[in-house]
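Novice:
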Amino acid sequence: MPVKLIEQKNVTLKIFDDRQEGCEYVAGQIQKLITEHNRLYKSTVLGLATGNTPKGVYKKLVEYHQRQQLSFNRVVTFNLDEYYPISAYHDRSYHTYMEHNLFNKVDVHPHHTFIPDGEVPEEELATYCENYDHQINHFGGVDIQLLGVGVNGHIGFNEPGSKISSTTRRVFLDEQTRHDAAPYFGEIDQVPRQAISMGVHTILKARKIICMAWGAKKATTVKEFFEDEITVQRPVSYLHTHPNVHLVLDKEAASQLELD
Ligand code: PGA
601 MPVKLIEQKN VTLKIFDDRQ EGCEYVAGQI QKLITEHNRL YKSTVLGLAT GNTPKGVYKK
661 LVEYHQRQQL SFNRVVTFNL DEYYPISAYH DRSYHTYMEH NLFNKVDVHP HHTFIPDGEV
721 PEEELATYCE NYDHQINHFG GVDIQLLGVG VNGHIGFNEP GSKISSTTRR VFLDEQTRHD
781 AAPYFGEIDQ VPRQAISMGV HTILKARKII CMAWGAKKAT TVKEFFEDEI TVQRPVSYLH
841 THPNVHLVLD KEAASQLELD
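Each residue of the sequence shown is one higher than the one before, counting from 601 in our numbering.
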């Protein structure tokens, strides 16, 4: 049964024909904000996601940059998560992903790109994670946080069971998450069992959240988002408590919603 949408003031829903159009829309929002801030000599703090979902956004941002329409020289970025333990140079690390998809191709300052370090010694993890949140605050907080959503409703690596009050920390990956990552690592045994992830509370402090979902695989997760009460079982439901969420979908991801 498709879910009937009830207007939710905090959630702006945008549905596009395909993911490319959706990604272009999101990149356009980011470009607008950075350009506005650049004009005022003000920095822009972006919260970045990895995975398949935001790839088209980064592609479009690179295009803007190459056409001299966008400079990242006042941009500061904080990534949501990184596997743990993992070397930054591993070809499946999120460091490698970000270099390849964005950082190597734009003029962002290397000292202004923060990604959790998958090689922090275990005994330093707690302090390291606390500092990650402090750094975000130090730069004035996140202006726009990009999010994908896992089939199991995770945001970042905040798996089912993650508390709304959680801050950046070491987490244990859900079997579903490891299963989804297995094709990229070759086999499931190669997928790390842990990660460092921004917490739900950390994510919800962003001034604006843009959550994207593409494809039929995410349709049930999207439907549950609109059906669900806030539940620890699906951390994406915590977005209902945020005042400024943009949910950007393609038609397939929206296929179980009943729209007027
Ligand atoms: P995906 O993953 O972008 O690769 O679909 C999203 C997520 O699991 O958060």
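Just so it is clear, CB atoms sit at the ideal spot from N, CA and C, and this is done for glycine as well.
Given the structure is predicted, the values throughout are model-derived calculations rather than measurements.
Which one or two residues does DSSP pair with I615 in a beta bridge?
Specialist: Beta-bridge pairing links I615 to L849.
Novice: Using a Cβ distance threshold of 8 angstroms, determine whether the region 681 to 693 contacts the region 659 to 670, with at least three qualifying pairs required.
Specialist: The region 681 to 693 vs the region 659 to 670: no contact.
Novice: Please list the terminal residues of the continuous alpha helix (DSSP H) segment that includes G800.
Specialist: Residue identity check: residue 800 is Val in the sequence provided, not Gly. 800 to 804 is the extent of the alpha helix (DSSP H) around V800.
Novice: Whose CB is closer than 5 angstroms to a heavy atom of ligand 1? List the residues in chain order.
Specialist: Listed by chain position, these are G651, N652, T653, G748, G750.
Novice: Is it right to say L839 is buried, meaning 16 or more other beta carbons lie within 10 angstroms of its own, or is it exposed?
Specialist: Buried.
Novice: Quick one: complete alpha helix (DSSP H) runs, 4+ long, within the region 627 to 673?
Specialist: The qualifying runs are 655 to 666.
Novice: Under DSSP, the alpha helix (DSSP H) around V822 begins and ends at which residues?
Specialist: Looking at the DSSP string, the run of the alpha helix (DSSP H) that includes V822 is 819 to 827.
Novice: Specify, as a first and last residue, the run of the alpha helix (DSSP H) that A781 falls within.
Specialist: Here the alpha helix (DSSP H) through A781 covers 775 to 785.
Novice: Among G718, T831, A816, E699, which has the Cα closest to the Cα of Y658?
Specialist: Closest by alpha carbon: E699.
Novice: Nearest CA to the CA of A819: which residue from T802, K851, T677?
Specialist: Of the candidates T802, K851, T677, the one whose C-alpha sits nearest the C-alpha of A819 is K851.
Novice: Which of the three DSSP states is assigned to T564 in this structure?
Specialist: The question about residue 564 has no answer, for the chain in this structure spans 601 to 860.
Novice: Tell me the DSSP secondary structure of V836 in three-state form.
Specialist: Correct three-state label for V836: helix.
Novice: Quick one: residues in its chain with C-beta nearer than 7 angstroms to the C-beta of D828, no 5 flanking neighbours on either side, listed in chain order?
Specialist: Closer than 7 angstroms at the Cβ level, and outside the excluded window around D828, lie R834, S837.
Novice: Using the Cβ count rule (16 or more neighbours within 10 Å means buried), how would you classify A816?
Specialist: Its Cβ having fewer than 16 others within 10 Å, A816 is exposed.
Novice: I need the straight-line Cα distance from H712 to E858, nearest angstrom please.
Specialist: Using only the alpha carbons, I get a separation of about 42 angstroms.
Novice: Which residues in the same chain have their Cβ closer than 7 angstroms to the Cβ of V611, if we skip the five residues on either side of it in sequence?
Specialist: These residues qualify, in order along the chain: V845, L847.
Novice: What's the call for A595, buried or exposed, on a 16-neighbour Cβ count within 10 Å?
Specialist: Any answer about residue 595 is impossible in this case: the structure gives the chain only from 601 up to 860.
Novice: Kindly indicate which three-state DSSP category E759 falls into: helix, strand or coil?
Specialist: Of the three classes helix, strand and coil, the one that applies to E759 here is coil, per DSSP.
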